[in-house]
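Asks: Counting in the working numbering, the sequence shown runs without a single skipped number right up to 113 at its last residue.
Idealized CB from N, CA, C, for every residue including glycine.
First the structure, which I've put down as structure tokens, then a few questions once you've had a look.
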Amino acid sequence: MTREEAIKKLERRLSNMKFVDDVYVDCVDGEALEMAVKALKREQQLLDAGYQNTTVDFYIGGRLFRAKEIAQ
Numbered sequence: 042m043t044r045e046e047a048i049k050k051l052e053r054r055l056s057n058m059k060f061v062d063d064v065y066v067d068c069v070d071g072e073a074l075e076m077a078v079k080a081l082k083r084e085q086q087l088l089d090a091g092y093q094n095t096t097v098d099f100y101i102g103g104r105l106f107r108a109k110e111i112a113q
């Protein structure tokens with residue numbers, strides 16, 4: 042499975058979940074699914090930056106990170 046396929050499946054699962062009083066109501070934890078989607082998207086951003094020889098900035102927990110692939 043590719044990252045794109047995983048993101049689509051997880052987002053589809055999230056869209057089918059019920060959200061009541063700021064809490065997901067389902068047997069699977071919606072917050073964990075959201076975190077998984079964000080992590081997969083961030084990983085794809087980092088890989089894309091490497092392919093395009095660019096720098097990518099992203100936040101984790103309110104902290105700013107900057108990443109650039111270094112040629113080996």
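What number of angstroms, rounded off, separates the C-alpha of Q86 from the C-alpha of K49?
Replies: 16 Å
Asks: In three-state terms, what does DSSP make of I111?
Replies: coil
Asks: Going by C-alpha distance, which of I101, G103, T96, G102 is nearest K109?
Replies: T96
Asks: Roughly how many angstroms separate the alpha carbons of A77 and L51, rounded to a whole number?
Replies: 8 Å
Asks: Considering T95, what are the terminal residues of the beta strand (DSSP E) in which it resides?
Replies: Note, T95: premise wrong, no beta strand (DSSP E); not H, not E.
Asks: Output the distance between the C-alpha atoms of D98 and R54, rounded to the nearest integer angstrom.
Replies: 28 Å
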